[in-house]
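**Student:** My questions all concern the structure below.
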Amino acid sequence: MRIVVLGGGFAGMEAVRVLERRLRDRADVEILLVSDRNYLLFTPLLPQVASSMVEPRHIVQPLRDIRGARRFRFRRDTVTDIDFAGRRVIMAEGVESYDRLIVAMGSVVPSFGVPGVEEHVLGYKWLEDGVVLRDHILDAAEHADHEPDPAVRRRMLTVCVVGGGYTGVELIAELQDFFHRYIVPRYRGIDPGDYRLLLLEAGHEILRGVHPTLAERARRKLGREGIEIRTGTRVTRVEPGAVEVGGGEQVPVGLTVWAAGVIGHPVLAHVPAERDRLGRLVTRPTMQLKEHPEVYGAGDAVTIEDNADASIPIIPAALAQARLAAENIVAELQGRPLGTIHFAPQGMLVSLGERDAVVDVLGIRFSGYAAWLFWNALHLWKLVGFRKQLQVALDWGMAQVFPRDSSIMRRVSRCPVCDQHAAPPSRERDAA
Ligand SMILES: Cc1cc2nc3c(=O)[nH]c(=O)nc-3n(C[C@H](O)[C@H](O)[C@H](O)COP(=O)(O)OP(=O)(O)OC[C@H]3O[C@@H](n4cnc5c(N)ncnc54)[C@H](O)[C@@H]3O)c2cc1C
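If you count by the working numbering, then the sequence shown holds residues -3 to 428, one letter each, in order.
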């Protein structure tokens, strides 16, 4: 029996962990994990990479280190297709067959068909995005520092984040801290009025899913800090140096970051299986695909039929789905009946930058410094591996005493909108 798990994110790693534990004594079972990255990214801390609060390497854990002495095989490869009929996974560097498959390849950032999104925005999902954004802001600051024209300076230092969910809110709060606490005090040519942070949300509220009182508190706090929040504002086009909203108004920006929603993985767009309107594979409550019961799905890549609560793209849901998928494969092997998903989100924690957060968990709601300490403690605890926990705790501690690191890590190889200032000369850019 060959069990193949696709994706080394939260869902994939949880599935492998459960399979290993439950099938330890089954020498006839082979477990293979395939992922295109060789590390697990702890996404909740990704906004802090952009603000230079934590070191990028400290929020990832190599999959081979997580594996330790466990016996599963790991193959770093990119899945390009799945042949359900032939029970084969097609990858960039070969083919693997399976008896049972768990699809946990996550999601991608959608463009919603808005012109210019593909070409001119920075998505915010992977570690590279955090590093690119951090470098871009620092590079723009280096140029703005000696730019004599205040209008050009302000445009360069305008960051527009699209999407008022927790990712967009946490990111813009981190950027505000970065500009306010680090950039303005250190770059003598940049005044507080020279930078502008914009958060655009198409819905009528930010932080949908958080209790309205806390969402309002977050909105007021960010507004007090000078972040412009525009709800009911739909982006209709993105151009180099500007976003168009509501089909007419042009807002000058230096960089647009897209943190609006998730859609199913593009590799799954062509497989012969049912998908929802967001392109996610539809599973039964057992986490099996309807058309192929030997294929299970978990995490952001899937949605469970008639169960929106359990299909929400958050880590606890991904873990619960992956656990069930793995347990059901074990149940199949042991000839037991399969279980069904029982998951409901327990709440939300949203960081509002240094020393502030809102917490809405199990009906308990609080905000401010205590909430921020709770947010930190919980995320530190959830981080995989003592070494990484220590490194992140040290990053946080050091940030209280020393200035953040402002060295630009690499020549900016991707400058989605600010060609004239932050991109390298075109020869280098083309080569990158
Ligand atoms: C910036 C940010 C902040 C977030 N903060 C929170 C938070 O605070 N709390 C929370 O609950 N959720 C948060 N989330 C959401 C959370 O990260 C996702 O719900 C979770 O990662 C889903 O897990 P997954 O395993 O389905 O997907 P992922 O974690 O995305 O893992 C997918 C894996 O598949 C691999 N893969 C992708 N394509 C291929 C391919 N073609 N071939 C091989 N491998 C492939 C990827 O490399 C990755 O390892 C955040 C997300 C982002 C982007």
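No residue lacks a Cβ here, since even glycine has one placed at the ideal position from N, Cα and C.
(1) Below 8 angstroms on the Cβ atoms is my guess for H207 versus D356; work out the distance and round it to an integer in Å.
(2) First and last residue of the alpha helix (DSSP H) that includes R149?
(3) Quick one: give me the first and last residue of the alpha helix (DSSP H) that E138 is part of.
(4) May I ask you to list the residues that DSSP assigns as paired with E235?
(5) Is the beta carbon of R220 less than 7 angstroms from the beta carbon of D190?
(6) Would you mind sorting Y120 into buried or exposed? The rule is 16 or more other CB atoms within 10 Å of its CB.
(7) Counting along the chain, where does the alpha helix (DSSP H) carrying A318 start and finish?
(8) Would the region 208 to 215 and the region 85 to 93 be scored as touching if the rule is three or more Cβ pairs under 8 angstroms?
(9) Nearest by alpha-carbon distance to G244: which of V231, V50, R271 is it?
(10) DSSP three-state call for M283: helix, strand or coil?
(11) Taking 7 angstroms as the CB-CB cut-off, is Y191 touching chain B?
(12) Judging by CA-CA distance, which residue of D32, Q172, H142, R18 is the nearest neighbour of R184?
(13) Rounded to the nearest angstrom, what separates A137 and L2 at their Cα positions?
(14) Within 10 angstroms of its Cβ, does L386 collect 16 or more other Cβ (buried), or is it exposed?
(15) What residue from E89, V291, I311, E201 has the CA that sits closest to K378's CA?
(16) Under the criterion of a Cβ to heavy atom distance below 6 angstroms, does F362 qualify as lining ligand 1?
(17) Is M283 near ligand 1, going by C-beta to nearest heavy atom under 6 angstroms?
(18) Confirm the yes/no value for this check: CB of T252, any heavy atom of ligand 1, distance under 6 angstroms.
(19) Near G349, what residues of its chain come up, given a Cβ to Cβ distance below 7 angstroms and the 5 sequence neighbours on each side ignored?
(20) Does F175 come out as helix, strand or coil in the three-state DSSP assignment?
(21) Residues in the same chain with beta-carbon distance under 6 angstroms from S77, minus the five sequence neighbours each way, listed in chain order, please.
(22) Just confirm the distance between the C-beta atoms of Q317 and M283, as a whole number of angstroms; I'd bet it's less than 8 angstroms.
(23) Is the beta carbon of L285 closer than 7 angstroms to that of A306?
(24) How about F6: is its Cβ closer than 6 angstroms to a heavy atom in ligand 1?
(25) Given 8 angstroms as the limit, is there contact between the region 356 to 368 and the region 47 to 54, that is, 3 or more CB pairs closer than that?
**Tutor:** Straight from the coordinates:
(1) 5 angstroms
(2) 146 to 152
(3) 123 to 140
(4) A238
(5) no
(6) buried
(7) 311 to 330
(8) no
(9) V231
(10) coil
(11) Among the chains of the structure shown, chain B does not appear; only one protein chain is present.
(12) H142
(13) 40 angstroms
(14) exposed
(15) I311
(16) no
(17) no
(18) no
(19) A169, E170, Q172, D173
(20) helix
(21) The sequence as given places Asp at residue 77; Ser does not occur at that position. Excluding residues within five positions, the ones whose Cβ falls inside 6 angstroms are I86.
(22) 6 angstroms
(23) no
(24) yes
(25) no
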